[in-house]
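Numbering (our numbering), first residue to last: 18 to 148.
For each residue, glycine too, the CB sits at the ideal point set by N, CA and C.
Treat the numbers as computed from the prediction; the structure is a model and nothing was measured.
Scroll down for the structure; my scribbles are underneath it.
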């Protein structure tokens, strides 16, 4: 019985790793700001952006120019900085779904919450074409 415990732990760890890699792929393709992104109706796609100073109130705010083409369905963030460090960075992921044919632009702006997007220090645009 004691010999089975390490094997069970190993199997459990492998299953966890498979589950984690599967959940990441369920977010669809990673969008690129450097090129036009082509999706089919129903496809999922996501962005992953580094948030600098997330503990200091900074965040990537986003908007969809034509929300009849693409919708945001999930947003998450994971701290990438050291715990307890003020101004620690984070990785912000936003998952989108293509809902109808046409094109739209996703615009992300990095600024401190409450100060408004006119104070943004970075802007990234993603061109989306849904087929």
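Would you say residue i and residue j are within 8 Å of each other, going by their C-beta atoms?
{"i": "residue 121", "j": "residue 108", "result": "no"}
{"i": "residue 58", "j": "residue 118", "result": "yes"}
{"i": "residue 62", "j": "residue 141", "result": "no"}
{"i": "residue 115", "j": "residue 44", "result": "no"}
{"i": "residue 10", "j": "residue 105", "result": "The question about residue 10 has no answer here: the residues shown for the chain are numbered 18 through 148."}
Classify residue i as helix, strand or coil using the three-state DSSP reduction.
{"i": "residue 49", "result": "coil"}
{"i": "residue 38", "result": "Caution is warranted here: a pLDDT of 37 is assigned to residue 38, below 50, making its placement in the model unreliable, and no coordinate value can be reported."}
{"i": "residue 85", "result": "coil"}
{"i": "residue 73", "result": "helix"}
{"i": "residue 117", "result": "coil"}
Counting only beta-carbon atoms, is residue i nearer than 8 Å to chain B?
{"i": "residue 60", "result": "Absent from the structure: chain B. Only one protein chain is present."}
Roughly how many whole angstroms lie between the Cα atoms of residue i and residue j?
{"i": "residue 64", "j": "residue 77", "result": "11 Å"}
{"i": "residue 80", "j": "residue 138", "result": "16 Å"}
{"i": "residue 123", "j": "residue 54", "result": "11 Å"}
{"i": "residue 130", "j": "residue 56", "result": "31 Å"}
{"i": "residue 133", "j": "residue 95", "result": "23 Å"}
{"i": "residue 99", "j": "residue 74", "result": "16 Å"}
{"i": "residue 92", "j": "residue 52", "result": "23 Å"}
{"i": "residue 143", "j": "residue 110", "result": "14 Å"}
Tell me, please, which residues DSSP counts as bridged to residue i.
{"i": "residue 110", "result": "65, 93"}
{"i": "residue 57", "result": "None; residue 57 has no bridge partner."}
{"i": "residue 140", "result": "126"}
{"i": "residue 80", "result": "124"}
Mark residue i as exposed unless 16 or more other C-beta atoms lie within 10 angstroms of its C-beta, in which case mark it buried.
{"i": "residue 38", "result": "At residue 38, the pLDDT of 37 sits below 50, so the modelled position is not reliable and the matter cannot be decided from this model."}
{"i": "residue 88", "result": "exposed"}
{"i": "residue 46", "result": "exposed"}
{"i": "residue 90", "result": "exposed"}
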